[in-house]
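Protein chains: 2
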Amino acid sequence: MDETPQFFEDPEGTQEALIRATYHALCEHGYADLTIQRIGNHFEKSTSLIYHHYDSKDELLLDFLAYMLREFEETVPEETSTGAVERLETILDGMIAEMNPAGHASFIRAMAELRAQGANDDRYRDHFTRHDRFFRERLAEMIRTGIDDGVFREVSPERTAALLTTVITGSLTLQATTDDPQAEAVREGVRALVDQSLLREPSS
Amino acid sequence: MDETPQFFEDPEGTQEALIRATYHALCEHGYADLTIQRIGNHFEKSTSLIYHHYDSKDELLLDFLAYMLREFEETVPEETSTGAVERLETILDGMIAEMNPAGHASFIRAMAELRAQGANDDRYRDHFTRHDRFFRERLAEMIRTGIDDGVFREVSPERTAALLTTVITGSLTLQATTDDPQAEAVREGVRALVDQSLLREPSS
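Chains S and G, in that order, give the protein sequences.
Numbered per this note's numbering, the first sequence spans residues 1 to 204.
Numbered per this note's numbering, the second sequence spans residues 1001 to 1204.
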């Protein structure tokens, strides 16, 4: 799972094309109605190429998720010149928000379906355990940096990161599965939490 | 959906027996592998009785969810002699916890699968919208009572209830779909949040 499949080690961008096709098919059909054929409809190369390498949509989706996580791991810098507060606010703004762009809403819904596979399928469960751990650890590092820089109070970085990860997961779940996710109220609540409990100097 | 199906208006406890059978089959098989036949295996009456009234497992599951919500609405008292703090702590302790009893864990997993149906199926989406709204409004009432009684600070009951509902949903999602839900850290984080932001006199 951590290795890039041989199929993907090509100079012609087949990997990226298949990832894009999977993303678009997932947004269009969701998980339950997704088939390799429907991914093929978004793929600029031959669908038989996908069948040749994947026996099931789940194998393909697990590679898709692993690819997305690797991209995420590579693009989120461990250290940054941007302040901890701004980085935290950017993450929270991006994830706890009423879903405006239709494509983003479809993707959040599809991801909620994929995550729910983890209830019974160990392969998905392993992926989301790894995904959440990475996300939580990056948040904890960010908070630790903020404490070192004197902008955050001396909270427990691990506990605070676990709480924020849980709020974000909860908000994404509510956005994906209900018509009234209360994202603005939650974002306001998290803002108050950051102001009152995390920031050294409470902002007004 | 709000009406009790005629099928259930029986003096012989058929409704309760079917609800119990659905509950046990859901815990044993999860949503994806559930069939009416498998529910029938847990049903003390004839499986053909279920087929006679339900064309699909989803219709049965939606009745099951509606029944559970009605029970929940009837058993949660609007006003109570128990203090707001104790009631809130009991709810939080019950929902944000490492899953010890195996049956409880299976049910939380099955509920996460049912909720994920809301990503694409309006019937499930309507149910969970209604479910979450009821839960959030009860929490808001509890907080309002706590403020009136002078035990809680003058927070926004709606915003605080939205945040707590989101944390609980997130924790249940993480418990259902990962091996490392960090429930104890999250429970500690929520306890600190209640102590620092909600309680009038912060406890030590």
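Backbone N, C-alpha and C define an ideal beta-carbon position, used for all residues, glycine too.
Nearest-angstrom Cα separation, counted from residue j out to residue i
{"i": "G:F1135", "j": "S:E184", "result": "18 Å"}
{"i": "G:R1109", "j": "S:A140", "result": "27 Å"}
{"i": "S:E16", "j": "S:L61", "result": "14 Å"}
{"i": "S:L65", "j": "S:R20", "result": "12 Å"}
{"i": "G:S1171", "j": "G:V1190", "result": "11 Å"}
{"i": "G:E1137", "j": "G:A1162", "result": "9 Å"}
{"i": "S:E71", "j": "S:R130", "result": "14 Å"}
{"i": "S:V85", "j": "G:T1169", "result": "26 Å"}
{"i": "S:Q175", "j": "G:L1069", "result": "20 Å"}
{"i": "S:A105", "j": "G:A1116", "result": "14 Å"}
{"i": "G:Y1031", "j": "G:Q1182", "result": "25 Å"}
{"i": "S:G118", "j": "G:S1056", "result": "24 Å"}
{"i": "S:V76", "j": "S:T82", "result": "12 Å"}
{"i": "G:S1048", "j": "G:Q1037", "result": "9 Å"}
CB contact below 7 Å: residue i versus chain G
{"i": "S:E188", "result": "yes"}
{"i": "S:E74", "result": "no"}
{"i": "S:Q15", "result": "no"}
{"i": "S:L163", "result": "yes"}
{"i": "S:L174", "result": "yes"}
{"i": "S:G30", "result": "yes"}
{"i": "S:F128", "result": "yes"}
{"i": "S:T90", "result": "no"}
{"i": "S:S171", "result": "yes"}
{"i": "S:A25", "result": "no"}
{"i": "S:Q182", "result": "yes"}
Sheet register partners of residue i (DSSP bridge)
{"i": "S:L199", "result": "S:F152"}
Cβ of residue i within 7 Å of any chain S Cβ
{"i": "G:A1140", "result": "no"}
{"i": "G:V1167", "result": "yes"}
{"i": "G:Q1196", "result": "yes"}
{"i": "G:T1178", "result": "yes"}
{"i": "G:A1119", "result": "yes"}
{"i": "G:E1113", "result": "yes"}
{"i": "G:A1066", "result": "no"}
Residue i beta carbon near the ligand ADP (any heavy atom closer than 6 Å)
{"i": "G:Y1124", "result": "As for the ligand ADP, it is missing from this structure, which has no ligand bound."}
CB-CB length for residue i against residue j, believed under 8 Å
{"i": "G:I1091", "j": "G:V1186", "result": "With 8 Å as the limit, G:I1091 and G:V1186 do not qualify as a contact, their Cβ atoms being about 14 Å apart."}
{"i": "G:L1198", "j": "G:T1145", "result": "With a Cβ gap of about 13 Å, G:L1198 and G:T1145 do not count as contacting."}
Unbroken stretches of the alpha helix (DSSP H), 4 residues or longer, contained in the region 1130-1195 of chain G: 1157-1177 and 1183-1193
Runs of 4 residues minimum, wholly inside the region 1013-1049 of chain G: which ones carry the alpha helix (DSSP H) assignment? 1014-1029 and 1036-1041
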